[in-house]
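**Student:** This structure is in structure tokens; I'll ask about it shortly.
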């Protein structure tokens, strides 16, 4: 049987002594989710997780010894939540919807035993919160259902007092927190697996106060002259933000891979997994129209500087160009630039006469250029060396070689970048979650940079806001959006 060696790190000062670092093993299928000291017994620690519930007792030498409960109970072994009541009893919630109450037997040498076990929820009991006056609040997470909050009277054999279902779209409960130390209306904060935080009371209402994305944010575009931006992701949500405030949130029928805003700021276009472009009103997020382009994912799209043409880069290798009318409210196919490998990024030249695109065959990335007047690919790009690009974000190019051929970061693989509106700074994000700020142009192999670590996975997209005072980046499967304020100390 395979097992994983873990280290239980317990740190608590008792009579001036700190004890820690006790190795133990988890078998295949087990995972550790958390642990806590017993509130009334300094020598007891409890850990819990999937197929794991362990009670640790410290002996006179400071060694932690594991003691299993007298009975595992009938409710299963996947423990997803745990809390202590004020009287020292332990309460656990598991994957089958049961709550188990554990007492401590002094007669058996401090061994935990089951006092009560009852079916509390459908789905998993993912959060527990004890409150004063003998109240326990529990929350669940179930497939294709919104989370539910229930209140129990711990002084009356855990009889039910109240319940409430979270608003539609909130997701399942992951955490509970009291709003006040003492309350008769059980006012709480609720965190969910869709990155929503709600506040209110089980007695009257729970309303969202923070919400956004809950999966990879693959696309972002900044407004041309306002401190706002639009994000879209694999969770099928499209969101408009003003710095850190959510303005509107719209659900799409498909996973979203690309987004761009019309130069006049009136329309936002979103490309999805099925090859459609959805157009929304920038002001309120209302649906304008949907444009079928192809049957493959649309990884990138971008308006020309004058807003008269929309270029759409597709996983089928083609670039589709559409004429736009009425400030982006009407579209007509113009022509197609054919290809056979996925298009990842697009840039227009400032005069709208050329396109550059980064493409991939999964083994390497390369860049190609097109003369739009002749509707043909340019074989030799040397003549375009000094061509100015409109708000460029392609990760390859002569003027950004310093982020690749850099002796200070030889192993960096940058997967997104953006040039500031002032054309003096270059921001880049790599596969290891690092973002870097360079001077632009950046051509030297010794180019200086400022670096921050934002996550442990890919930085999906990075862009400057219109005034270059803030930098927005996304990355990670949890739907995180990072807002960075630029200062003189950040500039290399």
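Numbering (the numbering used here), first residue to last: 20 to 511. Glycine included, C-beta positions come from ideal geometry on N, C-alpha and C.
Assign residue 418 to one of three DSSP states: helix, strand, or coil.
**Tutor:** If DSSP states are grouped into helix, strand and coil, residue 418 belongs with the helices.
**Student:** Would you mind reading off the limits of the beta strand (DSSP E) that contains residue 501?
**Tutor:** 500-504
**Student:** So does residue 451 have its beta carbon nearer than 6 Å to some heavy atom of the ligand ADP?
**Tutor:** Absence of the ligand ADP is noted for the structure shown, with no ligands found whatsoever.
**Student:** Return the residue from the list 392, 458, 499 and 213 that minimises the CA-CA distance to residue 235.
**Tutor:** 499
**Student:** Measuring alpha carbon to alpha carbon, tell me which residue in 404, 307, 437 and 454 is nearest residue 428.
**Tutor:** 454
**Student:** Under three-state DSSP, which class holds residue 473?
**Tutor:** coil
**Student:** What whole-angstrom Cβ distance do residue 425 and residue 385 have, given they're in contact under 8 Å?
**Tutor:** The pair is not a contact, with the Cβ atoms about 20 Å apart (cut-off 8 Å).
**Student:** So, helix, strand or coil for residue 441, using DSSP?
**Tutor:** Looking at residue 441 - three-state DSSP - the assignment turns out to be coil, as it is neither helix nor strand.
**Student:** DSSP has residue 242 in a bridge; who is on the other side?
**Tutor:** Beta-bridge pairing links residue 242 to no other residue.
**Student:** Would you mind working out which of 277, 82 and 240 sits nearest residue 259, comparing C-alpha positions?
**Tutor:** Comparing Cα positions, the closest option is 240.
**Student:** Taking residue 457 and residue 511 to be in contact with their CB atoms under 8 Å, please state how far apart those CB atoms are, rounded to whole angstroms.
**Tutor:** 6 Å
**Student:** Can you find the residues in the same chain that come closer than 7 Å, C-beta to C-beta, to residue 222, ignoring five residues on each side of it along the sequence?
**Tutor:** 181, 204 and 205
**Student:** Which of the three DSSP states, helix, strand or coil, is assigned to residue 401?
**Tutor:** helix
**Student:** Could you give the DSSP three-state label for residue 100: helix, strand or coil?
**Tutor:** strand
**Student:** According to DSSP, is residue 14 helix, strand or coil?
**Tutor:** The requested residue 14 is not part of the displayed model; the chain covers only 20 to 511.
**Student:** Does the distance from the C-beta atom of residue 421 to that of residue 435 stay below 7 Å?
**Tutor:** no
**Student:** For my contact list, residue 328 and residue 366 are in at a C-beta cut-off of 8 Å; report their separation, rounded to the angstrom.
**Tutor:** Cβ-Cβ separation between residue 328 and residue 366: approximately 13 Å, too far for a contact (criterion under 8 Å).
**Student:** Do residue 379 and residue 356 have their beta-carbon atoms positioned less than 7 Å apart in this structure?
**Tutor:** Not in contact: residue 356 and residue 379 (Cβ atoms no closer than 7 Å).
**Student:** Helix, strand or coil, according to DSSP, for residue 364 in the structure here?
**Tutor:** strand
**Student:** What separation, rounded to the nearest whole angstrom, lies between the Cα atoms of residue 20 and residue 49?
**Tutor:** With a pLDDT of 32 at residue 20, under the threshold of 50, the predicted position of this residue should be treated as unreliable, though the coordinate-derived value follows. About 12 Å.
**Student:** Can you tell me where the beta strand (DSSP E) holding residue 260 begins and where it ends?
**Tutor:** 256-261
**Student:** What did DSSP end up calling residue 370 once you bin it into helix, strand or coil?
**Tutor:** Secondary structure of residue 370 (DSSP, three-state): coil.
**Student:** Please report the residue range of the beta strand (DSSP E) in which residue 318 lies.
**Tutor:** 317-322
**Student:** On the premise that residue 273 lies in contact with residue 318, defined as a C-beta separation below 8 Å, what is that separation, rounded to the nearest angstrom?
**Tutor:** No, residue 318 and residue 273 are not in contact; Cβ-Cβ is about 14 Å, not under 8 Å.
**Student:** Which class does residue 72 belong to by DSSP, given the choice of helix, strand or coil?
**Tutor:** strand
**Student:** May I have the straight-line CA-CA distance separating residue 77 from residue 87, to the nearest angstrom?
**Tutor:** Going from the Cα of residue 77 to the Cα of residue 87 covers about 14 Å.
**Student:** Looking at residue 116: is its Cβ nearer than 7 Å to the Cβ of residue 138?
**Tutor:** yes
**Student:** Note down the Cα distance separating residue 480 from residue 432, rounded to an integer number of angstroms.
**Tutor:** 14 Å
**Student:** Tell me the residue span of the beta strand (DSSP E) that contains residue 479.
**Tutor:** 478-483
**Student:** For residue 216, which residues in the same chain have their Cβ closer than 8 Å to its Cβ, ignoring the five residues on either side in sequence?
**Tutor:** 208, 209, 210, 227, 228, 229 and 230
**Student:** Kindly list the residues whose CB is nearer than 6 Å to the CB of residue 423, restricted to its own chain and excluding five residues on each side of it in sequence; keep chain order.
**Tutor:** none
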